[in-house]
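Line order of the protein sequences matches chains A and B. In terms of the working numbering, the first sequence is residues 1 to 558. In terms of the working numbering, the second sequence is residues 559 to 888. Below you'll find the structure, written out as structure tokens, and then a few comments.
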Amino acid sequence: MIASTTSPSTISPATNERADNYLTHKTGILSWLVTLDHKRIGVLYLISILFAFFLGGVFAILLRTELIGPGQTIMDNDTYNKIFTLHGAIMIFLFIIPGIPAALGNFILPIMLGAKDVAFPRLNLTSYYLYVIGAIFALLSILLGAADTGWTFYTPYSTSTSTSVVTIVLGAFILGFSSILTGLNFIVTIHTLRPPGMTWFRMPLFLWSLYGTAIIQVLATPVLGITLLLLIIERTLGVGFFDPGLGGDPVLYQHFFWFYSHPAVYIMILPAMGIMSELVSTFSHKHIFGYKFIAYSSLAIAILGFLVWGHHMFTSGQSSLMNMIFSLLTFSVSIPSAIKVFNWLATMYKGSITLETPMLYALSFIFLFGIGGLTGLFLGALATDVHLHDTYFVVAHFHYVMFGGTLIAFLGGLHYWWPKMIGKMYNETMGKIACLLIFVGFNATFFTQFLLGMQGMPRRYANYHEMYTPLHQISTIGSYVMAVGFVVCAAYLIHSLFRGRKAPANPWGSATLEWRCASPPPHDNFSAPPTVGDPYDMSDVRFDPQIGGYVFKTQPTP
Amino acid sequence: MNDANGFMNYLNNTVLAQERGSFWLPPQASTTAADVDWVFQFIFGVSAFFFILIVTLMIIFIIRFKRREGVEPGAAPHHSMALELTWSIIPTIIVVLIFAFGFTTYMNMRIAPDNAYEINVTGQKWKWLFTYPNGHVDENLHVPVDIPVRLILTSVDVIHSLFVPAFRIKMDAVPGRYTDTWFQAKDPGEYLLFCAEYCGTSHSDMTSMVVVHKVGEFEKWMQDAANFLNTMPPAEAGTRLYKIRGCAQCHSIDGTGGHGPTFKNLFGRDVALKNGSTVAADENYIRTSILDPMADIVAGFEPVMPTYQGKLKAEEVTAIIEYIKTLREE
């Protein structure tokens with residue numbers, strides 16, 4: 001127990017010397033495995049999702065290596081089909097969906113709120129273990145020969161292939177519950193544990209985005225659960241929901257699946273946008289521009305995201321009327337995203353911009369998400385989607401959004417909160433080099449895929465026509481450059497764990513609450529609920545060269 | 559699979575009309591392609607404008623407002639209703655325009671003219687079969703130039719998707735229902751036709767050609783094609799029948815397993831039957847196996863083959879036998 005938020009002396013360097021923080025509070029492996037501390041659960045999630053990311057990344061490199069030339073390079077068609085299924089399923093279900101909310105969100109959300117923990121700590125641990133169990137099932141399917149359906153599990157292929165579909169689908173089903181419980185926990189936490197003075201419109205925007213995300217998680221994920229259960233029943237018991245041979249309808253599966261999986265796209269991107277608002281404001285050292293528009297746009301995305309699933313099915317044979325409605329609704333969801341991008345730019349205007357690694361990731365995000373979002377216009381418009389659907393254009397588009405958007409923001413957030421989480425600074429120069437490698441490698445890998453898609457290269461092809469070879473080769477080389485970037489990134493982050501400079505409480509000059517407690521935070525974050533001001537009032541912090549970080553000018557009184 | 563790769567090699571070695579396209583898009587070989595490309599160019603223009611705007615502003619702000627020692631940032635408003643409404647409303651108008659262009663062009667791509675020539679398309683793992691009004695079945699899509707063609711698609715197994723980049727058309731072939739699409743080819747030539755919906759092992763080899771015939775030549779091709787039994791050598795006609803009449807689904811030609819025995823080295827060999835006896839695989843044995851499959855069940859296989867009695871003509875059976883003879887190793 002400390003009184004760090006109640007007296008000015010506690011933000012002096014001496015505070016950081018205190019022995020007791022959440023990492024040292026208790027020791028022993030069991031104190032981690034059965035911990036109820038949201039910070040430790042966040043770290044457990046972080047380790048797990050980074051492992052999943054590593055696996056998914058290895059599969060990606062294998063795919064790109066196979067595609068370096070037409071014909072068979074390093075694997076046969078069946079192996080290729082299994083590897084792209086694993087790459088997609090692992091990246092989506094084990095990395096991107098839990099990535100920001102469950103790992104970074106778990107750690108930061110309660111501290112940002114000035115709370116001691118989430119509302120239901122035991123539920124939080126439960127959802128972590130559901131994640132682990134789901135992941136075990138998903139990975140078990142590899143040992144059983146791996147599924148070859150693609151991460152979408154489209155029927156009737158998924159009900160007729162002889163591969164281990166049920167295991168991986170069961171894994172995704174269990175992971176769904178993990179996601180629902182995390183969402184539920186966050187909603188209740190944000191509603192009930194805000195400290196006095198933190199009205200809805202004094203909440204940091206990252207919390208708004210997590211709130212919007214949580215709503216989607218709670219409302220949409222059950223539909224995926226039911227759909228996957230129907231799929232399992234059809235495969236194991238032969239009840240015909242989707243297989244026309246049994247009287248079912250294969251297109252019905254696509255409706256069910258995308259009713260979850262399109263909103264899930266916003267589960268992936270909304271928290272990333274939340275991180276962006278924090279990063280752009282912090283490193284422009286200026287108040288966020290248009291707070292309310294950004295907050296409301298998070299909610300708008302969460303709601304409109306439910307109404308656009310049919311745009312995945314423009315060529316499925318669904319009626320022209322439905323295609324028209326879904327096309328129109330799809331464009332509506334582009335507006336809130338556009339608003340956010342313009343507001344971030346306006347935040348930089350007349351700021352005092354510094355270019356530390358997290359800000360480089362934020363700038364990369366604006367560039368890459370800009371391309372990802374704008375190329376969505378080609379896919380929302382009916383006439384052009386017919387040509388581009390199921391080609392590499394779509395592959396490039398969603399990698400620009402999911403990787404160029406979510407993953408880049410995740411990396412920005414990881415670097416931003418790393419000092420808070422670990423209590424150590426990483427090597428800034430290496431951070432910038434890695435960011436540059438990833439940025440260059442990413443564009444080489446995926447921009448070429450837009451061109452491939454326009455030329456008609458279909459996705460999920462183990463073999464291809466020779467005319468596509470040069471672009472595929474550039475793409476593969478780009479993926480190797482990216483891989484080097486990630487290895488560099490992993491190396492200096494691990495190095496910082498042991499040799500990193502001790503982190504000050506507020507290394508970047510942010511004004512949100514998590515920077516008011518020590519780095520790393522003590523076990524119970526705040527001894528008393530802190531009173532809250534404007535989370536983006538950057539005039540409240542000043543740089544103190546003595547401690548190499550920022551200090552708050554005003555101390556909130558409890 | 560070898561067979562499919564062989565076809566891919568053939569495609570690679572053929573100079574396709576496909577390659578006449580621009581850097582951005584394939585050639586505009588159908589009447590609607592130019593309209594689709596116009597929508598594409600419009601969206602491209604809008605996107606390029608906004609992307610350049612965003613990135614330019616970003617770079618200017620980074621340079622102009624980079625932190626300088628001892629310089630306090632100037633005051634700037636925290637929000638501006640007028641500004642924010644502007645960048646909400648202008649994009650809204652633009653995307654509604656994009657929607658409208660995309661939709662009207664799409665409707666022209668959906669509604670086939672009444673007089674369209676109809677071809678039935680069947681997707682199956684892993685080939686396309688095109689059935690013409692006179693009953694001819696072909697592995698490639700042959701069409702006349704300048705005539706609207708309507709394709710009626712279905713699938714016998716999983717979902718496939720017919721995709722002709724040069725025509726800008728794509729439509730799923732769904733088992734248990736019919737879907738349709740149409741096009742009118744503008745230029746004679748050969749174009750690639752892909753399967754765009756993932757369908758398993760040889761998805762990427764489920765490739766065919768669209769052959770657009772010059773004026774007056776389609777009818778001639780049709781006549782020869784439908785009459786191939788009389789114009790082709792029997793073994794060559796047999797190859798064709800093997801592919802399009804369903805033999806290939808169960809009987810391999812390279813010795814690998816399947817639902818039925820391989821055709822490789824079959825002719826002239828002694829075949830062990832399920833009932834313990836042995837029979838020589840001569841012309842009569844093969845004829846019987848096609849027309850009355852339950853008569854001689856080969857050891858190690860299930861009696862699952864449907865009869866072709868009444869489905870294959872005598873000349874066709876002969877052609878298949880001649881084809882199987884060519885699969886002997888010398």
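The beta carbon of each residue, even a glycine, is placed where N, CA and C say it ideally should be.
Per-residue burial, residue i [other beta carbons within 10 Å of its own, 16 or more giving buried]
i: A872 of chain B; result: exposed
i: A877 of chain B; result: buried
i: L175 of chain A; result: buried
i: F688 of chain B; result: buried
i: Y800 of chain B; result: buried
i: Y416 of chain A; result: buried
i: E627 of chain B; result: exposed
i: K286 of chain A; result: buried
i: M729 of chain B; result: buried
i: Q742 of chain B; result: buried
i: G247 of chain A; result: exposed
i: Y550 of chain A; result: buried
i: D243 of chain A; result: buried
Closest by C-alpha distance to residue i, when choosing among the options
i: K350 of chain A; options: A:I288, A:F439 and A:K26; result: A:I288
i: L184 of chain A; options: A:G376, A:P222, A:F439 and A:S319; result: A:P222
i: N77 of chain A; options: A:W515, A:N463 and A:L299; result: A:N463
i: W779 of chain B; options: B:H718, B:G804 and B:Y690; result: B:Y690
i: I844 of chain B; options: B:I879, B:E755, B:L583 and B:T680; result: B:I879
i: L193 of chain A; options: A:E234, A:Y253 and A:L109; result: A:L109
i: D540 of chain A; options: A:P419, A:A511 and A:Y22; result: A:A511
i: E676 of chain B; options: B:T662, B:Y664 and B:G693; result: B:G693
i: H255 of chain A; options: A:E234, A:T448, A:R501 and A:T152; result: A:T152
i: N698 of chain B; options: B:Q586, B:I610 and B:V769; result: B:V769
i: A633 of chain B; options: A:M538, A:F450 and A:L377; result: A:M538
i: F367 of chain A; options: B:T589, B:A606 and B:S588; result: B:A606
i: G774 of chain B; options: B:T797, B:H700 and B:M790; result: B:H700
C-beta atoms of residue i and residue j nearer than 9 Å
i: V169 of chain A; j: L113 of chain A; result: no
i: Q764 of chain B; j: W645 of chain B; result: According to the sequence displayed, residue 764 of chain B carries Met and not Gln. No, the Cβ-Cβ distance between M764 of chain B and W645 of chain B is not below 9 Å.
i: I111 of chain A; j: G274 of chain A; result: no
i: F306 of chain A; j: I216 of chain A; result: yes
i: A460 of chain A; j: G145 of chain A; result: First, the amino acid is wrong: residue 460 of chain A is Arg here, not Ala. In this structure, G145 of chain A does not lie closer than 9 Å to R460 of chain A by Cβ.
i: G269 of chain A; j: M402 of chain A; result: One point to set straight first is that residue 269 of chain A is Ile, not Gly, in the sequence displayed. For I269 of chain A and M402 of chain A, yes; Cβs fall inside 9 Å.
i: G372 of chain A; j: P733 of chain B; result: no
i: G758 of chain B; j: V703 of chain B; result: no
i: E356 of chain A; j: G240 of chain A; result: no
i: V165 of chain A; j: L86 of chain A; result: no
i: V118 of chain A; j: F201 of chain A; result: no
i: V613 of chain B; j: I652 of chain B; result: no
i: K607 of chain A; j: P521 of chain A; result: Look at the range of chain A in this structure, 1 to 558, and you will see that residue 607 of chain A is not part of it.
i: F257 of chain A; j: L224 of chain A; result: yes
i: S277 of chain A; j: W344 of chain A; result: yes
i: F173 of chain A; j: V265 of chain A; result: no
i: A505 of chain A; j: S527 of chain A; result: no
Under 7 Å from the C-beta of residue i: neighbouring residues of chain A
i: K624 of chain B; result: I353
i: F890 of chain B; result: Because chain B is modelled from 559 through 888, residue 890 of chain B falls outside the range shown and cannot be assessed.
i: W582 of chain B; result: M454
i: L615 of chain B; result: L345
Within chain B, the residues that residue i reaches when beta carbons sit closer than 7 Å
i: A462 of chain A; result: S762
i: G290 of chain A; result: H637 and E642
Proximal residues of chain A, C-beta to C-beta of residue i below 9 Å
i: P819 of chain B; result: The premise fails here: P819 of chain B is roughly 21 Å from chain A at the closest Cβ pair, so nothing lies under 9 Å.
Within chain B, partners of residue i - CB distance below 8 Å
i: S160 of chain A; result: D715 and V716
i: G317 of chain A; result: M729, D730, V732, R735 and T737
i: S320 of chain A; result: Y664, M665 and R668
i: H87 of chain A; result: Per Cβ cutoff of 8 Å: no residues; H87 of chain A is ~14 Å from chain B at best.
Proximal chain B residues relative to residue i, where beta-carbon distance stays under 9 Å
i: I339 of chain A; result: E642, W645, S646 and P649
Within chain A, the residues that residue i reaches when beta carbons sit closer than 8 Å
i: P631 of chain B; result: H285, K286, K350, G351 and S352
i: G758 of chain B; result: N81, D148, Y157 and T161
- Task: Within the stretch 622-702 of chain B, note down every full alpha helix (DSSP H) run reaching 4 residues or more, in order along the chain.
- Result: Runs found: 639-668.
- Task: With a floor of 3 residues, list each beta strand (DSSP E) that falls wholly inside the stretch 485-546 of chain A, ordered by position along the chain.
- Result: For the stretch 485-546 of chain A, whole beta strand (DSSP E) runs of length 3 or above, ordered along the chain, are 541-544.
- Task: Quick one: which unbroken beta strand (DSSP E) runs of 3-plus residues sit fully inside the stretch 127-159 of chain A? Chain order, please.
- Result: Along the length of the stretch 127-159 of chain A, whole beta strand (DSSP E) runs at least 3 residues long do not occur.
- At which residue ranges does the stretch 722-799 of chain B contain complete beta strand (DSSP E) runs of 3 or more residues, listed in the order of the chain? Counting whole runs of 3 or more residues, the stretch 722-799 of chain B contains the beta strand (DSSP E) stretches 727-731, 737-742, 747-753 and 766-771.
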